[in-house]
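With this note's numbering as the guide, the letters of the sequence shown map in order to residues 1 to 461. Step one of this worksheet: look at the structure below.
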Amino acid sequence: MGNLHNASTESLQQLDALHHLHPFTDTVALNKKGTRVIKRADGVYLWDTDDNKYLDGMAGLWCVNVGYGRKEIMQAAFQQMQQLPYYNTFFQTSHPPVIELSARICELTPEGLNRVFYCGSGSEANDTVVRMVRHYWSSMGKPGKKIIISRENAYHGSTMAGASLGGMGPMHKQGGLPIPDIEHIMQPHWYKHGFSESEEDFGLRAAKALQQRIEEVGAENVAAFIAEPVQGAGGVIVPPSTYWPEIQRICKAFNILLVADEVICGFGRTGQWFGSDSFQIEPDLMAIAKGLSSGYLPIGGVVVSDRVAEGLERGGDFNHGYTYSGHPVCAAAALANIEIMQRERIVENAGNTLAPYFQERLARFAEHPFVGQTRGTGMLGAIQLSPDKSGNAGFEKDGDIGSACRDAASENGLVMRAVDDAMILSPPLIITTDQIDELFAIAERSVEATWQRFQSGELGS
Ligand SMILES: *Cc1c(COP(=O)(O)O)cnc(C)c1O
Numbered sequence: 001m002g003n004l005h006n007a008s009t010e011s012l013q014q015l016d017a018l019h020h021l022h023p024f025t026d027t028v029a030l031n032k033k034g035t036r037v038i039k040r041a042d043g044v045y046l047w048d049t050d051d052n053k054y055l056d057g058m059a060g061l062w063c064v065n066v067g068y069g070r071k072e073i074m075q076a077a078f079q080q081m082q083q084l085p086y087y088n089t090f091f092q093t094s095h096p097p098v099i100e101l102s103a104r105i106c107e108l109t110p111e112g113l114n115r116v117f118y119c120g121s122g123s124e125a126n127d128t129v130v131r132m133v134r135h136y137w138s139s140m141g142k143p144g145k146k147i148i149i150s151r152e153n154a155y156h157g158s159t160m161a162g163a164s165l166g167g168m169g170p171m172h173k174q175g176g177l178p179i180p181d182i183e184h185i186m187q188p189h190w191y192k193h194g195f196s197e198s199e200e201d202f203g204l205r206a207a208k209a210l211q212q213r214i215e216e217v218g219a220e221n222v223a224a225f226i227a228e229p230v231q232g233a234g235g236v237i238v239p240p241s242t243y244w245p246e247i248q249r250i251c252k253a254f255n256i257l258l259v260a261d262e263v264i265c266g267f268g269r270t271g272q273w274f275g276s277d278s279f280q281i282e283p284d285l286m287a288i289a290k291g292l293s294s295g296y297l298p299i300g301g302v303v304v305s306d307r308v309a310e311g312l313e314r315g316g317d318f319n320h321g322y323t324y325s326g327h328p329v330c331a332a333a334a335l336a337n338i339e340i341m342q343r344e345r346i347v348e349n350a351g352n353t354l355a356p357y358f359q360e361r362l363a364r365f366a367e368h369p370f371v372g373q374t375r376g377t378g379m380l381g382a383i384q385l386s387p388d389k390s391g392n393a394g395f396e397k398d399g400d401i402g403s404a405c406r407d408a409a410s411e412n413g414l415v416m417r418a419v420d421d422a423m424i425l426s427p428p429l430i431i432t433t434d435q436i437d438e439l440f441a442i443a444e445r446s447v448e449a450t451w452q453r454f455q456s457g458e459l460g461s
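Written out as structure tokens, the structure is:
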């Protein structure tokens, strides 16, 4: 524990402003306001340095699936540190935690995915994906297959390749992105792009965009298609039921590898172990991170199918890896996390009991006059605020109302994220039904208060 453990909020904020650059943040605006300093957490709750308590409706950043305060994970990490705090997996070496974790992950992943490559995060997992799928095709005698097709408004991380795969305009504007040979097609966001047609028709149209792009650039140049089973950071966008089967068909028909970015969906978020299980996707590769260790320590990976593994084996050395690939302490923490999930049947309970309750509470929100749509699946939800109850119009300026609602929720003791004007929920999977009631009671109060301010003209129209 550092020396500042009992320092005042104000002095912590001042030091933070002086020396800490925050991710995805306007530093000047933040430092004017001061950061919220989070001091401790337990279960689904967080406390800040002024002892305000918050229900964490976002499970950190979509990751603390088993909740905070799990002694078993801490002990596993501590014991592993004593035994072997670090060793690499590069030079024909391995160690027990990474061996056990790999076997455990492959028991859980969809059939045919039996090898794991490790890294430290979801972004690194997707960087690995880019090099891996290109190297795969090269090893198979098709070095021309390089293009990776992704989607607008996708999130695949913040490294050069991760952000390039992602379809976030504001990210592409900074740092000279995207890197070459990445293509983006439309996202399956019915509320935004398909409002006047049925969800089923729209789902097919959005999937057909993949086929069109493959035909435009030539299948002989396309390595893979990558997508989140459910887009998370883009605003919890659940694709129509017709979308994934058609995507799957197109990938098979054109011999394109299908990559499922399971960084959010994996490890129970959708009510099954993987989003690929929930949507009957048969991926060739899966990126994992976040819920793999419930965020207790940083670890990510790419799980590959036997087909991809065999192709890579033909290619000899794969010249790629990270100092912390398969870090023993992170692997031990991930193993303890998975053991908890299995022993407490967290995924089954989330899927069978919590998710139906959570989704029912979420759906009720759609009646509110300030809500244009609710959407969700499993333990993911979005409440789309809109000034236009019967249509799908947004506010004059994207995001201001959402931010106001987020701040109101925070004042009321709930962490809820705003993606433009959609309020996002992704609570720990160990939340109880009483705590779900508490979550929605605060969310309702916060949306109501924001609506009142909007109606009175206090917030932009
Ligand atoms: C968070 C996220 C990433 C990036 O993971 P990091 O650990 O932040 O690098 C990649 N893909 C998806 C779908 C994510 O939600």
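Here a beta-carbon is modelled for each residue, glycine too, at the ideal position from N, C-alpha and C.
By a C-beta neighbour count over all protein chains shown, 10 Å radius and 16 as the cutoff for buried, is Tyr86 buried or exposed?
Per the 10 Å Cβ criterion, exposed.
Name the one or two DSSP bridge partners that Val303 has.
DSSP lists Val116, Met286 as partners of Val303.
Roughly how many angstroms lie between the CA atoms of Ile430 and Leu258, to the nearest whole one?
Answer to the nearest angstrom: the Cα atoms are 31 Å apart.
Please confirm whether Val263 and Leu113 have their CB atoms less than 9 Å apart.
No; because the gap between Cβ atoms is not below 9 Å, this pair is not in contact.
Considering Cα atoms alone, identify which of Pro328, Lys71, Asn352, Gly162 is closest to Glu228.
Comparing Cα-Cα distances from Glu228 to each of Pro328, Lys71, Asn352, Gly162, the minimum goes to Gly162.
Using a 10 Å radius around the Cβ and a threshold of 16 neighbouring Cβ atoms, would you call Glu10 buried or exposed?
It counts as exposed.
What residue ranges within the segment 135–209 form continuous alpha helix (DSSP H) runs of no fewer than 4 residues, ordered along the chain?
Within the segment 135–209, the complete alpha helix (DSSP H) runs of at least 4 residues are 160–165, 169–172, 190–193.
What residues match up with Thr323 in a beta bridge as DSSP calls it?
None, per the DSSP bridge assignment.
Would you give the residue range spanned by the beta strand (DSSP E) that Gln14 belongs to?
It is not in any beta strand (DSSP E) - Gln14 instead sits in the alpha helix (DSSP H) that spans 9–19.
Just to confirm, does His156 get its C-beta within under 8 Å of one of the non-hydrogen atoms of ligand 1?
Yes.
Alpha carbon to alpha carbon, how far is Lys397 from Cys405?
When rounded, the distance between both Cα atoms is 14 Å.
At a threshold of 8 Å, does Ile182 count as lining ligand 1 (C-beta to nearest heavy atom)?
No, since every heavy atom of ligand 1 falls outside the 8 Å radius drawn around the Cβ of Ile182.
Check whether the Cβ atoms of Leu165 and Val129 lie closer than 9 Å to each other.
Yes, Cβ-Cβ distance for Leu165 and Val129 is below 9 Å.
How far does the beta strand (DSSP E) with Lys252 in it extend, from its first residue to its last?
Premise fails: Lys252 lies in the alpha helix (DSSP H), 243–253, not in any beta strand (DSSP E).
Under 8 Å: does the beta carbon of Asp261 sit that close to some heavy atom of ligand 1?
Answer for Asp261: yes, Cβ within range of ligand 1.
Three-state secondary structure (DSSP) at Phe225?
Three-state result, Phe225: strand.
Per the DSSP calculation, Ile383 is bridged to which residue(s)?
Paired residues: Thr374, Met423.
Taking the CB atoms as reference points, tell me whether Gly269 and Gly291 lie closer together than 9 Å.
Strictly speaking, residue 269 in this sequence is Arg, with Gly absent from that position. Against a cut-off of 9 Å, the Cβ pair of Gly291 and Arg269 comes out as a contact.
Given that a residue counts as buried once 16 or more other Cβ atoms are within 10 Å of its Cβ, and exposed if not, what is Gln80?
Looking at its Cβ environment, which holds 16 or more other Cβ atoms inside 10 Å, Gln80 is buried.
Three Cβ pairs or more, each shorter than 8 Å: is that satisfied between the segment 111–126 and the segment 280–296?
The segment 111–126 is in contact with the segment 280–296.
Can you name the residues that DSSP bridges to Val259?
Answer by DSSP bridge pairing, in chain order: Ile226, Leu285.
I'd like to confirm something about Gly122: is its beta-carbon nearer than 8 Å to some heavy atom of ligand 1, or not?
Flag set: Cβ of Gly122 near ligand 1.
Excluding sequence positions up to five away, which residues of its chain have a Cβ less than 8 Å from the Cβ of Leu459?
Asp400, Ile401, Ala404, Thr450, Arg453.
Please say whether Leu15 and Val415 have beta carbons closer to each other than 9 Å?
Contact: no.
Measure the beta-carbon distance from Glu183 to Arg213 and round it to whole angstroms, keeping in mind my assumption that it falls under 8 Å.
Sure, about 6 Å apart at Cβ, within 8 Å.
Would His95 be called buried (16 or more neighbouring beta carbons within 10 Å of its own) or exposed?
Answer is buried; the Cβ neighbour count reaches 16.
Let me confirm a value: Ser102 is counted as buried when at least 16 other C-beta atoms fall within 10 Å, else exposed. Which label applies?
Classification of Ser102: buried, given that the 10 Å Cβ count is 16 or more.
Taking Ile299 as the reference, which of Asn352, Cys63, Glu344, Leu18 has the closest Cα?
It is Cys63 whose Cα lies nearest to the Cα of Ile299.
Does the beta-carbon of Asp545 have 16 or more other beta-carbons within 10 angstroms, so that it is buried, or is it exposed?
What is shown of the chain runs 1 to 461, which leaves residue 545 out entirely.
What first and last residue would you give for the beta strand (DSSP E) that runs through Arg343?
Per DSSP, Arg343 belongs to no beta strand (DSSP E); it is in the alpha helix (DSSP H), 328–343.
Can you determine whether any heavy atom of ligand 1 sits closer than 8 Å to the C-beta of Ile148, and answer yes or no?
No - ligand 1 has no heavy atom lying nearer than 8 Å to the Cβ of Ile148.
Cα separation between Lys32 and Asp407?
Cα-Cα distance, rounded: 15 Å.
Which word fits Arg314, buried or exposed, when buried means at least 16 other C-beta atoms lie within 10 angstroms of its C-beta?
Exposed.
If you draw a straight line from the alpha carbon of Glu215 to that of Leu335, how long is it in whole angstroms?
Their backbone Cα atoms lie some 43 Å apart in a straight line.
Among the residues of its own chain, which have a CB less than 8 Å from the CB of Asn392, if the five just before and after it don't count?
Answer for Asn392: Tyr191, Lys192, Phe195, Gly372, Gln373, Ser386, listed in chain order.
Within the present structure, is the beta-carbon of Ile237 separated from the nearest heavy atom of ligand 1 by less than 8 Å?
No, ligand 1 has no heavy atom inside 8 Å of this Cβ.
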